[in-house]
Amino acid sequence: MTALPVSPAPAPSPAGEPLVDVRDLKVHFPIRRGVLIDRIAGYVYAVDGVSLQVRRGETYGLVGESGCGKTTFGRGLLRLVEPTGGSAMFDGTELRSLKGEQLRRMRRRMQMIFQDPLSSLDPRQSIDSILSEGLKAHDLYGSQETAGKKLRETLTAVGLPASALRKYPHEFSGGQRQRIGIARALILQPDLIVADEPVSALDVSVQAQVINLLDDLQVEFGLTYLVIAHDLAVVRHISDRVGVMYLGGLVEEASSDDLYADPLHPYTRALMSAVPVPDPEVEDARQQILLAGDLPSPANPPAGCRFHTRCPWKQETRCDTERPELRELTPGHRVACHWAEDVKAGKIRPHEVSVELVRPSGAGPGDGRVTETVAEVAGTLPPKS
Amino acid sequence: MALLDVRDLRVVFHRRGTEPFPAVDGVTFSVEPGQTIGLVGESGCGKSVTSLAIMGLLPKRGATVTGQVMFEDTDLLKLSDRQLRDRRGRDIGMIFQDPLSSLNPVIPIGLQVTEVLQRHRGLRGKAAKTEAEGLLKSVGIPDPNRRLGEYPHQLSGGMRQRALIAIALACRPRLLIADEPTTALDVTIQAQILALLRQLVEGTGTALIMITHDLGVVAGLCDQVNVLYAGKVVETADRHRLFGEPRHPYTHGLLGSVPRLDSPRGEPLAAISGSVNDNIPWTSGCAFAPRCSNAIDQCVEQTPALEDDGLRLLRCFNPVAPETAASQEVPA
Amino acid sequence: MSTRTRDKIDALAKTSADSGGTSLAVDALKRLSRNPVAITGAVIVTLFLLLAIFAPLIAPKDPYVRYLIDEIRQGTPLGGRPGFPLGTDQEGRDLLSRLIVASRQSLIVGVMATLIGLAVGMVMGTLSGALGGWTDTILMRFTDVLLSIPSLLLAISIAALAAKPGQWTVIVAVSIVSIPIFARLLRGSMLAQRGSDHVLAARALGVKERTIVFRHMLPNSLSPVIVLATLTLATSILEAAALSFLGLGDQDPNRAEWGAMLGEASQRYFDVRPEMALWPGLAIVLVALGFTLLGESLREALDPKNRR
Ligand SMILES: Nc1ncnc2c1ncn2[C@@H]1O[C@H](COP(=O)(O)OP(=O)(O)OP(=O)(O)O)[C@@H](O)[C@H]1O
Ligand SMILES: Nc1ncnc2c1ncn2[C@@H]1O[C@H](COP(=O)(O)OP(=O)(O)OP(=O)(O)O)[C@@H](O)[C@H]1O
Ligand code: SF4
Ligand code: SF4
Ligand SMILES: [Mg+2]
Ligand SMILES: [Mg+2]
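Residue numbers (my numbering), protein chains in the order written: chain A, 248 to 632; chain B, 272 to 603; chain C, 29 to 336.
Here you go:
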């Protein structure tokens, strides 16, 4: 991989081509122990071999439960944390080989939106200086006049009045703050925006405004999104394609419609059946797949299929010994399960799981090792019929 | 007769240098034994304050509570602190949003359960321990005997919430108040906890007040739903009616703005404009008026009253027409 | 909805709040001005400042002239009398005037010591917090050593080391005591800022690392430092007084200094004229209290949790 000169931007790849191409990305955080001398006691396998591609102009949604490594993946891709392995190509450039100034220049083209709109805005800066900061960093500020015009245009695009410029972050509501966060990313005219839980801190009634705004801006500016969220309904609504993560790995990837119509991975099925739908008729009729137990610790992921400790479809063979690769089952639909065909065909049926209860990370006293217990029931209550 | 009857509950916060702030502004609802009712609304609409007022847990200074909270024949607001303490836990149990901070971090789970058993049911020693073990088992905590000796941080979020439910159930309360019990949890864990609560209500006949901002949770769990906006109930109905035919513009808007897993994609969401910051005080009209697409002149001149049309309670001068309400596609 | 309705809504919405453009500092100042504790502190501090600045004009007599030296027998100070409301010291000098002029000494020592401590501490803290790694380790071990010695003991040893004790030895001794505290505090809050979302956001934006340190991390780390500086003014004045009390201050017998006055009065004349010790003691306590009240209410005002 050669480090290309990154500014000005090389000829952009045409629509439909992969803008982001991640192969086997790994981010392992060392767990340090020791009083005087730090000693590495193990690793948190926060992201452990994720490969995915985001095409230019599309919205890719990454969904999964808390602690599965979504945020770390997004940050690792943008090198806001250093990946420990794998490759991350952005528009033909290997991001992992970029150094200091090259990387900083490249950041203009890949922006980020944060979950907490208040804490991601510097409380001491006015909106004016928050928005001009990026311009200044990339020598795009120009004159006061042109910059001012640009600021006002961007604010208009995200639906805020120009009078907002003089104000400070704490003077806005949550939704407005998130609009400011979006404006800050937008003003640099990036190709890619990584949005980490862009609406989960917002009021229900305001979420929809921001989701719609993201949609509109994509059309207007030809943006590519990587949207990270834990809410499957939100992700499905805004994304063209969805990747489902479990414990540091991608377990299923499909177009939004496919994923809903035909979830193949047992985890996706369980996740889908757990998402509440605001409709009593649907709620009463649905059959829930209740998963037993909790997410295992990413510091000590189960061997074999990472889902096998909770999987209702788990089989005697392969599941606990061999880690399933992501493979394409139907065109554009990838799944990481040894038994996906049989699950799909209904050849194997879900069964009650005897839970291997795994403690959350760092819960064990002293050595942080994970204790496993076999218990009979945990949350496998019969669903309401 | 209703188990709990909340009449015109009003909580006003006073803080030096600011106007008195009515966080709960005349909330009225009741709960029958074995019934599950929902209190839904956005952040800051007064859900938690309502539950804290019922439990008598609001700070004495800085908050003025008026109205009536009848638990069977007693007005909880008139009880002394001691009497209330006795009621709490015995008659009414409560589950909070954040299980970690509501459990004592330095006391083993087992002790926290047996403590309650001893205080309210007079169980001691072995009997208390056996009962505690049974309780933990009943909420789906595996290997309860070992868990009794563990500390809250040694349990996962879902397990902690189960432990908290076990403590709330220790005295077989007739009413359980759950304030966002699943908001801090993952959906798959949420599904477990909701299933547990549902089973509880059906199995023991405990009444449940479910407080949440998640309409989906309410749809599957509650018999009756109260929608709160800016401290007032704006719509109350049976869940089938409320979700099938929302009449209040706010309820209607909320339902239109949450993406549904099972809805066709590609349509923009029908968002409600503005935010709660735009609210006007209830004293000068309908608080929702600045954001309401149905607002008429009357809305900023008079305060709408909660009216009963036999099917539902509604606080609105110009509700969404039933036929529009029935179809979700129409943008609010 | 009719335009009339819209207008009315707009009007109603306006009354709630349309301040616009108030920064955190302005906000904090507003809150301070409503806090009675802050006002008390500010009044005491302002009076003290005025007193110190205009001392020569306010003092009724020349503090250095031995007016009543002839009446002094066996070095016993005189009590109050016409023209000398608080009496005189053992040299026959007007006590009130000396008390007033001594405020300057306290102010100079307090402010200088705090400023030096603040400046050095901030440089160390910024280096530590911004660079991390070895710089951080070395600097912080150094502060650990300083912190492990009780502050007054440290000040005494430094002052005692000086060949010729004087005003500057006191200032240096007192400031060295406060350096590690400022350094540690700033480093701590810089590190907290380093991990914060808005710093991450700036990095994601492609802002240069140096700009991040000076525009985002440092300004957001300052409020605890400002609070500490105010509180340090109080302790510096106390410590400087203590050093003078112990005879480690300025040796010039003419110079008026509260600590030295207190020391002399309490050690030599407490049996004959106990109130002589009361006045400088009261002055020290009052000034320290003023700065402390101001500092504590600043802390409250700057706390983001207290923002509406
Ligand atoms: N800087 C870090 N050092 C050590 N461990 C970390 C660090 N950042 C994250 N982790 C761990 O990595 C795992 C994945 O974290 P991550 O934040 O990526 O999850 P997530 O999917 O974004 O979850 P959430 O939905 O809670 O945001 C977690 O177990 C977390 O504790
Ligand atoms: N102790 C208090 N003092 C002053 N105001 C308070 C206090 N507690 C709550 N409030 C205010 O009362 C209002 C209602 O708060 P409440 O906690 O009931 O909201 P909620 O509906 O539970 O929201 P959430 O979904 O965020 O939990 C809020 O505006 C809040 O700021
Ligand atoms: S590989 Fe086995 S354990 Fe893993 S998801 Fe498939 S069936 Fe379940
Ligand atoms: S009363 Fe008026 S403003 Fe309020 S919800 Fe009904 S129509 Fe809208
Ligand atoms: Mg995250
Ligand atoms: Mg609440």
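Ideal placement from N, C-alpha and C gives every residue a C-beta, glycine not left out.
Can you round the beta-carbon distance between Ala130(C) and Met289(C) to whole angstroms, since I take them to be within the 8 Å contact cut? Along the third sequence, read from residue 1 onward, the residue named residue 130(C) stands at position 102. Along the third sequence, read from residue 1 onward, the residue named residue 289(C) stands at position 261. Rounded to the nearest angstrom, the Cβ distance from Ala130(C) to Met289(C) is 7 Å, consistent with a contact under 8 Å.
Determine the contact status of Leu167(C) and Ala211(C), defining contact as a CB-CB distance below 8 Å. The residue labelled residue 167(C) in the question sits at position 139 within the third sequence. The residue labelled residue 211(C) in the question sits at position 183 within the third sequence. Their beta carbons are under 8 Å apart, which means Leu167(C) touches Ala211(C) by this criterion.
Tell me which residues share the same chain as Ala284(C) and place their Cβ nearer than 7 Å to its Cβ, disregarding the 5 neighbours each side in the sequence. In the third sequence, the residue the question calls residue 284(C) occupies position 256. The residues are Pro91, Arg126, Val129, Ala130 and Gln133.
Mind checking which residues open and close the beta strand (DSSP E) that includes Phe588(B)? Here residue 588(B) is taken as the residue at index 317 of the second sequence, counted from 1. Where Phe588(B) is concerned, there is no enclosing beta strand (DSSP E), given that its DSSP letter is neither H nor E.
Under 7 Å Cβ-Cβ, which residues of chain A neighbour Pro247(C)? On the third sequence, residue 247(C) is found 219 positions in, with the first residue counted as 1. When 7 Å is used as the limit between beta carbons, Pro247(C) is near these residues of chain A: Arg371, in chain order.
Between Lys591(A) and ligand 3, is there a pair consisting of the residue's CB and a ligand heavy atom that are separated by less than 7 Å? Here residue 591(A) refers to the residue found at position 344 of the first sequence. Answer for Lys591(A): no, Cβ out of range of ligand 3.
Give a yes or no on whether the minimum CB-CB distance between Gly609(A) and chain C is below 8 Å. Taking the first residue of the first sequence as position 1, residue 609(A) is located at position 362. Note on Gly609(A): pLDDT 35, under 50, position unreliable in the model; no value is reported.
Under 5 Å, CB to nearest heavy atom of ligand 4: contacting residues: By the rule of a C-beta closer than 5 Å to any heavy atom of ligand 4, the residues picked out are Pro520(B), Cys557(B), Phe559(B), Ala560(B), Cys563(B), Asn565(B), Ala566(B), Cys570(B), Pro575(B), Cys587(B), Phe588(B) and Asn589(B).
Given that Pro537(A) touches chain B, what residues does it touch there, using C-beta distances under 7 Å? Mapped onto the first sequence, residue 537(A) falls at position 290. The sequence shown places Leu at residue 537(A), not Pro. Under the 7 Å cutoff, chain B gives Ala462, Gln463 and Ala466.
Can you find a C-beta in chain A that's less than 8 Å from the C-beta of His285(B)? Start at 1 with the first residue of the second sequence, and residue 285(B) comes out as number 14. No - not a single Cβ of chain A is within 8 Å of the one on His285(B).
Exposure of Glu572(A), with buried meaning 16 or more beta-carbon neighbours within 10 Å: As a first step, residue 572(A) must be located in the first sequence, where it is residue number 325. Exposed, by the Cβ-count rule.
How about Cys566(A) and Gly551(A): are their beta carbons less than 8 Å apart? Counted from its first residue, the first sequence places residue 566(A) at position 319. Counted from its first residue, the first sequence places residue 551(A) at position 304. It is a contact, given that the beta carbons lie within the stated cut-off.
Of all the residues that make up the stretch 394 to 408 of chain A, which are near chain C by a beta-carbon distance shorter than 9 Å? Correct list: empty, as no residue qualifies.
Using a C-beta cutoff of 8 Å, does Gln454(A) count as contacting chain B? Position 207 of the first sequence, counted from the start, is the residue given in the question as residue 454(A). Closer than 8 Å: yes.
Can you tell me whether DSSP reads Asn497(B) as helix, strand or coil? Position 226 of the second sequence, counting from 1, holds the residue named residue 497(B). In the structure shown, Asn497(B) sits in a strand (DSSP, three-state: E or B).
So, for Leu321(C): in the same chain, excluding its five sequence neighbours on each side, which residues have a beta-carbon less than 6 Å away from its beta-carbon? Residue mapping note: residue 321(C) aligns to position 293 of the third sequence, counting from 1. Within the same chain, Leu321(C) has close Cβ partners Val65, Thr68 and Gly69.
Nearest by alpha-carbon distance to Gln300(A): which of Val294(A), Pro597(A) and Leu309(A) is it? For this step, residue 300(A) is matched to residue 53 along the first sequence. Minimum Cα distance to Gln300(A) is reached at Leu309(A).
Near-chain A residues of the stretch 358 to 387 of chain B (beta-carbon distance less than 7 Å), N- to C-terminal order: For chain A, none of the residues of the stretch 358 to 387 of chain B brings a beta carbon within less than 7 Å of one of its beta carbons.
Can you tell me whether Ala294(B) sits near ligand 2, meaning its C-beta is under 7 Å from at least one heavy atom of the ligand? In the second sequence, the residue the question calls residue 294(B) occupies position 23. Checking every heavy atom of ligand 2 against the Cβ of Ala294(B), one is found closer than 7 Å.
Rounded to whole angstroms, what is the Cα-Cα separation between His598(A) and Ile480(B)? Taking the first sequence and counting its residues from 1, one reaches residue 598(A) at position 351. Taking the second sequence and counting its residues from 1, one reaches residue 480(B) at position 209. Cα to Cα, the separation comes out at about 33 Å.
Where does Ala480(A) sit, in a helix, a strand or coil, going by DSSP? On the first sequence, residue 480(A) is found 233 positions in, with the first residue counted as 1. Helix, per DSSP.
Are there any heavy atoms of ligand 3 lying less than 7 Å away from the beta-carbon of Pro571(A), as far as the coordinates show? Translated into positions along the first sequence, residue 571(A) becomes position 324. Indeed, a heavy atom of ligand 3 lies less than 7 Å from the Cβ.
I want to verify the contact list: residues of chain A whose CB lies under 7 Å from the CB of Asp225(C), in sequence order. In the third sequence, counting from the first residue as 1, residue 225(C) sits at position 197. Result: Phe361, Asp363, Ser366 and Ser367.
Residue environment, Gly223(C), which counts as buried when at least 16 other CB atoms sit within 10 Å: For this step, residue 223(C) is matched to residue 195 along the third sequence. Exposed is the label assigned to Gly223(C), since fewer than 16 other Cβ atoms lie within 10 Å of its Cβ.
What do you get for Gln425(A), buried or exposed, if any count of 16 or more other CB atoms within 10 angstroms of its CB means buried? For the purposes of this step, residue 425(A) is taken as residue 178 along the first sequence, with counting starting at 1. When all chains shown are included, Gln425(A) counts as buried.
Output, in sequence order along the chain, the residues in the stretch 494 to 513 of chain A whose CB is closer than 9 Å to any CB in chain B. Result list: Ser503, Asp504 and Tyr507.
Going by beta-carbon coordinates alone, are Leu468(B) and Leu492(B) separated by less than 8 Å? Against the second sequence, residue 468(B) aligns to sequence position 197. Against the second sequence, residue 492(B) aligns to sequence position 221. Leu468(B) places its beta carbon less than 8 Å from that of Leu492(B).
Residues of the stretch 519 to 530 of chain B in Cβ contact with chain A at a cutoff of 7 Å, in chain order, please. Listed in sequence order: Gly524, Leu525, Leu526, Ser528, Val529 and Pro530.
Using three-state DSSP, classify Leu497(A) as helix, strand or coil. Taking the first residue of the first sequence as position 1, residue 497(A) is located at position 250. Here Leu497(A) sits in strand by DSSP.
For a contact meaning CB atoms closer than 7 Å, what does Asp462(A) contact in chain F? Any reference to chain F falls outside this structure, whose protein chains are A, B and C.
Taking the CB atoms as reference points, tell me whether Ala449(B) and Leu406(B) lie closer together than 8 Å. In the second sequence, counting from the first residue as 1, residue 449(B) sits at position 178. In the second sequence, counting from the first residue as 1, residue 406(B) sits at position 135. With respect to the 8 Å criterion, Ala449(B) and Leu406(B) are not classified as neighbours on the basis of their beta carbons.
My output table needs one value for Asp362(B): the three-state DSSP class, helix, strand or coil. Along the second sequence, one-based indexing puts residue 362(B) at 91. The answer is coil: DSSP assigns Asp362(B) none of H, G, I, E or B.
Who are the neighbours of Ala517(A) on chain B, taking C-beta pairs under 8 Å? What you label residue 517(A) is simply residue 270 of the first sequence in a count that begins at 1. The contacting residues are Thr459.
When DSSP labels each residue in this structure, what does His523(B) get in the three-state scheme? In the second sequence, the residue the question calls residue 523(B) occupies position 252. For His523(B), the secondary structure class from DSSP, reduced to helix, strand or coil, is helix.
Would you say Glu313(B) faces chain A, with C-beta separation under 8 Å as the test? Within the second sequence, the letter at position 42 stands for residue 313(B). By this cut-off, Glu313(B) is an interface position.
Mind listing which residues have their beta carbon within less than 6 Å of any non-hydrogen atom of ligand 1? Chain order is fine. Result: Phe276(A), Val291(A), Ala293(A), Gly311(A), Ser313(A), Gly314(A), Cys315(A), Gly316(A), Lys317(A), Thr318(A), Thr319(A), His477(A), Pro545(A) and Ser608(A).
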